[in-house]
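Novice: In this note's numbering, the protein residues as written are 18 to 177.
The beta-carbon is built from N, C-alpha and C at its ideal position, and this holds for glycine as well.
These numbers come from a predicted model, not from an experiment.
What follows is a single structure, and I will ask about it in a moment.
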């Protein structure tokens, strides 16, 4: 059930974001077999630190994985979790504070996700911040679907 809710989140995110005008409609409709989606959930009113975390996370993802972003294997999105149109999504995932989340998607299905809480500790250390975020993306890019499923199952077990 959580997997289907996360997949719904990814679909909601993708529908909120304006598509790149340089990509043809045919290319936009075709999702890669494996995708890593980074989402920065933020408040409507953002403090300077929250804005900085969003900008640093976006740069770490988009500049660190330019080729993957171009072919849509890696995506980055901002979602205002306080916006009424995102309220249901925020409630489903328990998003109450600004959070960076990595989602591992295979064949259009969200298989696992992880939050990246250390961004708050590393915001004053740009190199460490970038490495932390890029390591998270790279780890998911390297994962097979089976490994992602195992991570998801282990995460469920640890919460029970």
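Let's test the definition: count the other Cβ atoms within 10 Å of the Cβ of residue 115 and tell me whether it reaches 16, buried, or not, exposed.
Specialist: Locating residue 115 in the chain shown gives position 98, where the first residue counts as 1. Label assigned to residue 115: buried.
Novice: Going straight from the alpha carbon of residue 74 to that of residue 141, what length do you get?
Specialist: For the purposes of this step, residue 74 is taken as the residue at position 57 of the chain shown. For the purposes of this step, residue 141 is taken as the residue at position 124 of the chain shown. Answer to the nearest angstrom: the Cα atoms are 13 Å apart.
Novice: Is it true that the stretch 104-123 meets the stretch 47-57, where meeting means three or more beta-carbon pairs spaced less than 8 Å apart?
Specialist: A contact exists between the stretch 104-123 and the stretch 47-57.
Novice: Please go through the stretch 67-110 and give each complete beta strand (DSSP E) segment of 3 or more residues, from N-terminal end onward.
Specialist: 91-97
Novice: May I ask you to verify whether the stretch 168-175 touches the stretch 87-107, counting CB pairs closer than 8 Å and requiring at least 3?
Specialist: Flag = no, the stretch 168-175 and the stretch 87-107 do not touch.
Novice: Apart from the five residues just before and just after residue 67, which ones in its own chain have a Cβ nearer than 8 Å to its Cβ?
Specialist: Sequence index remark: in the chain shown, residue 67 carries index 50 (1-based). Cβ within range, chain order: 59, 60 and 115.
Novice: Got a sec? Which residues, its chain only, sit under 6 Å from residue 131 by beta carbon, not counting five neighbours each side?
Specialist: Here the question's residue 131 lines up with position 114 in the chain shown. Closer than 6 Å at the Cβ level, and outside the excluded window around residue 131, lie 119.
Novice: In angstroms, rounded to a whole number, what distance separates the CA positions of residue 168 and residue 159?
Specialist: Numbered from its first residue, the chain shown carries residue 168 at position 151. Numbered from its first residue, the chain shown carries residue 159 at position 142. Within the model, the alpha-carbon separation for residue 168 versus residue 159 is close to 13 Å.
Novice: What's the gap between the Cα of residue 137 and the Cα of residue 77?
Specialist: Within the chain shown, numbered from 1, the residue matching residue 137 stands at position 120. Within the chain shown, numbered from 1, the residue matching residue 77 stands at position 60. Cα to Cα, residue 137 sits roughly 15 Å from residue 77.
Novice: In this structure, does DSSP put residue 126 in helix, strand or coil?
Specialist: Your numbering for residue 126 matches position 109 in the chain shown. Strand, per DSSP.
Novice: Give me whichever residues DSSP pairs with residue 55 in a beta bridge.
Specialist: The sequence position of residue 55 within the chain shown is 38, counting from 1. According to DSSP, residue 55 bridges with 93 and 119.
Novice: Would you kindly work out how many angstroms separate the C-alpha atoms of residue 82 and residue 112, rounded to a whole number?
Specialist: Walking along the chain shown from the start, residue 82 turns up at place 65. Walking along the chain shown from the start, residue 112 turns up at place 95. Distance between the alpha carbons of residue 82 and residue 112: 26 Å.
Novice: Are residue 90 and residue 51 closer than 8 Å when you measure CB to CB?
Specialist: For the purposes of this step, residue 90 is taken as the residue at position 73 of the chain shown. For the purposes of this step, residue 51 is taken as the residue at position 34 of the chain shown. Their beta carbons are under 8 Å apart, which means residue 90 touches residue 51 by this criterion.
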